[in-house]
Each structure stands twice: as C-alpha cells, then as structure tokens.
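Visitor: Would you mind keeping the following structure in view while I ask a few things?
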Ligand SMILES: [Zn+2]
C-alpha cells in the first residue's frame with residue numbers, strides 16, 4: 071500500500087508494518103498500526119510524542135504508550151487537536167495510562183465513539199482503566215459527581231457551564247484539572263484541590279459565582295490564568311501548610327469582590343500582572359519579608375494593601391490580622 075505524505079510524496083507502507091515511517095522529503099514521522107497511519111511529532115527534549123492526525127478509517131485503535139525512533143524510546147504525551155477528526159467509524163480507542171493530555175477537539179466528528187460511564191460522567195481510557203480521562207458529563211444538568219478513583223485527568227471543558235453542579239468529589243489520583251474545566255459552574259460552593267494536582271488550568275474555575283471557599287493542596291505549584299476570576303462570592307482561599315506553590319498567573323483572582331484576605335505562601339516566587347485586579351475588599355498577607363523579583367510590576371495594580379510577614383500574625387481563629 072502507498073499513501074501520500076502531507077508534502078505530496080508517496081510513502082510505501084509495505085516496508086515497515088507496525089513501525090515508524092519517516093518521509094525522506096519533509097521528515098514527517100508516521101506510526102503505522104496495521105491499516106492505520108498516525109502522523110506524530112516527537113519531542114527530543116523530554117522524549118515524548120504527540121499524535122497529530124490519523125489516516126484511514128479505523129473502528130478500533132490501540133494507541134501505544136511508547137515508540138522507538140532512532141533507537142530511543144519516546145512516551146506518549148498528548149493526543150492533539152483534530153487528531154481523529156471525522157473518524158466516523160471509530161468505536162473504541164485505547165489510550166494508555168501514560169498520556170498527559172487529550173485535546174478537547176481530538177475526537178471531533180467521531181460519532182460512533184463509545185465511552186465508559188460512571189456517576190454522570192463519560193470517560194475515555196483503556197481496558198485496564200476504563201476511567202482514565204473524565205471527558206464529558208452525561209448531561210450539563212448534573213447536580214453532583216464523584217470522579218472515579220482511577221481517573222488521572224479531568225480534561226479541558228469537562229464541566230463547563232454545568233450550572234446545577236453543586237458537589238464534586240475529586241480523588242487524589244487526578245493529576246490535572248484542565249482549562250475551563252469548571253468554568254461557569256455557578257452552583258458550586260466549595261472545592262478542595264486534591265493532593266495529586268500540580269497545576270490548575272487556565273480559567274478552570276472562572277465565573278463560579280457561588281464558590282465560597284477553596285482549599286488548595288500543598289502539591290499545587292501553578293495556578294492558571296484567570297483561574298478563579300469572577301468568583302465573586304469567594305471569601306476564603308486556603309493554601310495547605312508547606313505549600314509548594316510557585317506561580318500565580320495573570321489575573322488568577324481578578325474580580326473576586328468578596329475576597330477579604332489571602333495569605334500568599336512563602337514558596338511563591340512569581341505573580342503575574344493583574345492577579346488581584348478589582349478585588350476591592352482584599353488585604354494581601356505575605357509569608358515573607360520581601361517581594362521576589364518574579365512578582366511582576368503590575369501584579370498588584372489595584373493597589374490592595376500588602377503586609378509582610380513581620381507585620382501580621384494569625385489570631386485565635388486562624389485569621390491573619392495586622393500587628394498592633
Ligand atoms: Zn513528506
């Protein structure tokens with residue numbers, strides 16, 4: 071069998087069944103799995119690969135966790151946007167546990183794709199772990215949800231505009247809360263970011279207008295752009311002791327009109343611009359006595375009051391108060 075590379079050159083598929091084919095004209099790399107050809111991109115800095123597109127009309131595909139290219143092993147990192155665009159016959163896809171991201175548009179037009187369902191959520195995964203990736207709710211009207219204990223990723227947009235969602239339980243197995251995952255979940259009242267999470271995606275909780283309290287585990291290192299923006303009922307942001315938080319990104323807490331105090335952990339070395347824009351009631355307490363150089367010039371451009379560690383203490387209720 072011969073197919074055309076995206077550059078127009080013929081690729082002879084009979085040479086390397088179930089292996090890597092590299093176009094000798096444009097150096098595109100393809101992974102051949104029987105009748106199916108996946109265009110992939112490899113990343114030599116961390117030895118991972120990304121699936122970019124699919125040729126053929128598979129009904130089933132088992133995506134490998136590793137490939138060998140030039141005698142080196144590469145691990146699957148991501149299934150990219152439009153990777154399986156309009157694979158209308160695709161019924162079952164096995165995604166290995168090592169995957170770090172599946173783009174929200176990876177399976178656009180895959181109308182036959184089957185999911186595993188658990189407590190109001192459709193999942194993608196593999197035969198050993200059906201619940202690897204929380205993909206979409208069975209309805210936008212769900213009121214509560216317990217994420218499966220084997221889930222690793224809650225993908226971008228999973229609960230977007232689930233306006234009735236009041237209760238969500240996220241197990242420690244989850245390492246990633248994607249972009250806009252809970253945006254406009256306007257009934258959500260509190261959230262505990264579990265132990266497994268290292269980064270909270272951009273706009274993950276934007277416009278959760280009823281969110282009153284958030285507890286952020288000490289393993290979180292990064293809070294995304296606009297992450298809690300427009301959470302205008304948010305009263306309390308609790309960082310667990312021994313926080314490893316490093317960076318709070320652009321406008322992460324902007325328009326949190328009800329937020330009266332926040333204690334920035336000593337570990338934070340970078341705060342991007344406008345993080346507390348329009349937080350008109352906020353007092354900022356730092357667990358340090360200096361401003362690290364990674365705090366951008368406009369990080370506090372709404373000029374909220376700032377107190378350094380030697381200027382405040384906790385009262386008997388555990389609330390920060392300024393020293394007399
Ligand atoms: Zn080519």
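Numbering (our numbering), first residue to last: 71 to 394.
All C-beta atoms, glycine included, are put in the ideal place defined by N, C-alpha and C.
(1) Using 8 Å as the threshold, is the C-beta distance between residue 206 and residue 192 below it?
(2) State the Cα-Cα distance for the pair residue 209 and residue 199, rounded to the nearest angstrom.
(3) May I have the straight-line CA-CA distance separating residue 362 from residue 316, to the nearest angstrom?
(4) By the DSSP assignment, the beta strand (DSSP E) with residue 107 in it spans what residues?
(5) Output yes or no for whether 8 Å exceeds the beta carbon distance between residue 174 and residue 225.
(6) Where the beta carbon is closer than 5 Å to any heavy atom of ligand 1, which residues qualify, in chain order?
(7) At which residue ranges does the stretch 299 to 360 contain complete beta strand (DSSP E) runs of 3 or more residues, listed in the order of the chain?
(8) Once you ignore the five residues that flank residue 306 on each side, which residues in its own chain have a CB closer than 6 Å to its CB?
(9) Where residue 157 and residue 131 are concerned, what is the direct C-alpha to C-alpha distance, given to the nearest angstrom?
(10) List the endpoints of the continuous beta strand (DSSP E) containing residue 136.
(11) Among 264, 204, 189, whose alpha-carbon lies nearest the alpha-carbon of residue 212?
(12) Rank 298, 313, 311, 308 by C-alpha distance to the C-alpha of residue 319 and give the top, closest one.
(13) Assuming the contact rule is C-beta atoms closer than 8 Å, residue 186 and residue 159 should be a hit. Round their C-beta distance to whole Å, please.
(14) Pull the bridge partners of residue 193 from the DSSP assignment, please.
(15) What would DSSP say about residue 237, mapped onto helix, strand or coil?
(16) Any idea if residue 268 is buried or exposed, counting beta-carbon neighbours within 10 angstroms, 16 or more meaning buried?
(17) With distances taken Cα to Cα, identify the nearest neighbour of residue 89 among 137, 121, 373.
(18) Looking only at its chain, what residues have a beta carbon closer than 7 Å to the beta carbon of residue 287, apart from the 5 residues adjacent to it on each side?
(19) Could you tell me if residue 146 is buried or exposed, where buried requires 16 or more neighbouring beta carbons within 10 angstroms of its beta carbon?
(20) Could you give the residue range of the beta strand (DSSP E) that holds residue 80?
(21) How many Å lie between residue 167 and residue 184 at the Cα?
(22) Taking 7 Å as the line, does the beta carbon of residue 251 fall inside it for any heavy atom of ligand 2?
(23) How long is the line joining the alpha carbons of residue 235 and residue 178, rounded to whole angstroms?
(24) What runs of the beta strand (DSSP E), each 3 residues or longer, lie entirely inside the stretch 113 to 178?
(25) Along the beta strand (DSSP E) that carries residue 390, what are the first and last residues, could you check?
(26) Buried or exposed: where does residue 95 fall if 16 or more other Cβ atoms within 10 Å of its Cβ makes it buried?
(27) For residue 284, report the span of its beta strand (DSSP E) as first-last.
(28) Whole angstroms are fine: how far does the CA of residue 217 sit from the CA of residue 239?
(29) Is it buried or exposed for residue 344, if we count other Cβ within 10 angstroms and need 16 for buried?
Guide: According to the structure data:
(1) Position 136 of the chain shown, counted from the first residue, corresponds to residue 206. Position 122 of the chain shown, counted from the first residue, corresponds to residue 192. A contact, by the Cβ cut-off of 8 Å.
(2) Against the chain shown, residue 209 aligns to sequence position 139. Against the chain shown, residue 199 aligns to sequence position 129. Taking the straight line from one Cα to the other gives about 23 Å.
(3) Position 292 of the chain shown holds residue 362. Position 246 of the chain shown holds residue 316. So the two alpha carbons sit approximately 11 Å from each other.
(4) Start at 1 with the first residue of the chain shown, and residue 107 comes out as number 37. Its beta strand (DSSP E) spans residues 106 to 113.
(5) Your numbering for residue 174 matches position 104 in the chain shown. Your numbering for residue 225 matches position 155 in the chain shown. Their beta carbons are under 8 Å apart, which means residue 174 touches residue 225 by this criterion.
(6) 75, 77, 79, 93, 95, 96, 98
(7) 306 to 309, 331 to 334, 353 to 356
(8) Stepping through the chain shown from its first residue, residue 306 is reached at position 236. Here the set comprises 283.
(9) The residue given as residue 157 occupies position 87 in the chain shown. The residue given as residue 131 occupies position 61 in the chain shown. So the alpha carbons of these two residues sit roughly 11 Å apart.
(10) Translated into positions along the chain shown, residue 136 becomes position 66. Taken as a continuous stretch (DSSP letters only), the beta strand (DSSP E) holding residue 136 covers 136 to 139.
(11) Counting from one through the chain shown, the residue named residue 212 turns up at place 142. Residue 212 has its Cα closest to that of 189, out of 264, 204, 189.
(12) Here residue 319 refers to the residue found at position 249 when the chain shown is read from its first residue. If we check each option's Cα against that of residue 319, 298 comes out closest.
(13) Position 116 of the chain shown, counting from 1, holds the residue named residue 186. Position 89 of the chain shown, counting from 1, holds the residue named residue 159. By a beta-carbon distance limit of 8 Å, residue 186 does not contact residue 159. Their separation comes to about 19 Å.
(14) Counting from 1 along the chain shown, the entry for residue 193 is found at position 123. Paired residue(s): 186, 204.
(15) As a first step, residue 237 must be located in the chain shown, where it is residue number 167. Looking at residue 237 - three-state DSSP - the assignment turns out to be strand.
(16) Sequence index remark: in the chain shown, residue 268 carries index 198 (1-based). Exposed.
(17) Here residue 89 corresponds to residue number 19 of the chain shown, with the count starting at 1. Measuring from the Cα of residue 89, the nearest candidate turns out to be 137.
(18) On the chain shown, residue 287 is found 217 positions in, with the first residue counted as 1. Exclusion of the five residues before and after residue 287 leaves 263, 264, 265, 267, 310 as the residues of its chain whose Cβ lies within less than 7 Å of its Cβ.
(19) Against the chain shown, residue 146 aligns to sequence position 76. Buried is the call here.
(20) Counted from its first residue, the chain shown places residue 80 at position 10. 80 to 82 is the span of the beta strand (DSSP E), which, as asked, contains residue 80.
(21) Counted from its first residue, the chain shown places residue 167 at position 97. Counted from its first residue, the chain shown places residue 184 at position 114. So the two alpha carbons sit approximately 18 Å from each other.
(22) The ligand content of the structure shown is limited to ligand 1, which means ligand 2 is not among them.
(23) On the chain shown, residue 235 is found 165 positions in, with the first residue counted as 1. On the chain shown, residue 178 is found 108 positions in, with the first residue counted as 1. Between residue 235 and residue 178, the C-alpha separation is close to 25 Å.
(24) 118 to 125, 130 to 132, 136 to 139, 142 to 149, 162 to 164
(25) Taking the first residue of the chain shown as 1, we reach residue 390 at position 320. Secondary structure note for residue 390: its beta strand (DSSP E) is the uninterrupted segment 390 to 392.
(26) Taking the chain shown and counting its residues from 1, one reaches residue 95 at position 25. Exposed, since its Cβ has fewer than 16 Cβ neighbours within 10 Å.
(27) As a position in the chain shown, residue 284 is number 214, starting the count at 1. From DSSP, the beta strand (DSSP E) with residue 284 extends over 283 to 286.
(28) If you number the chain shown from 1, residue 239 lands on position 169. If you number the chain shown from 1, residue 217 lands on position 147. Cα-Cα distance, rounded: 6 Å.
(29) As a first step, residue 344 must be located in the chain shown, where it is residue number 274. With 16 or more Cβ atoms within 10 Å of its Cβ, residue 344 is classed as buried.
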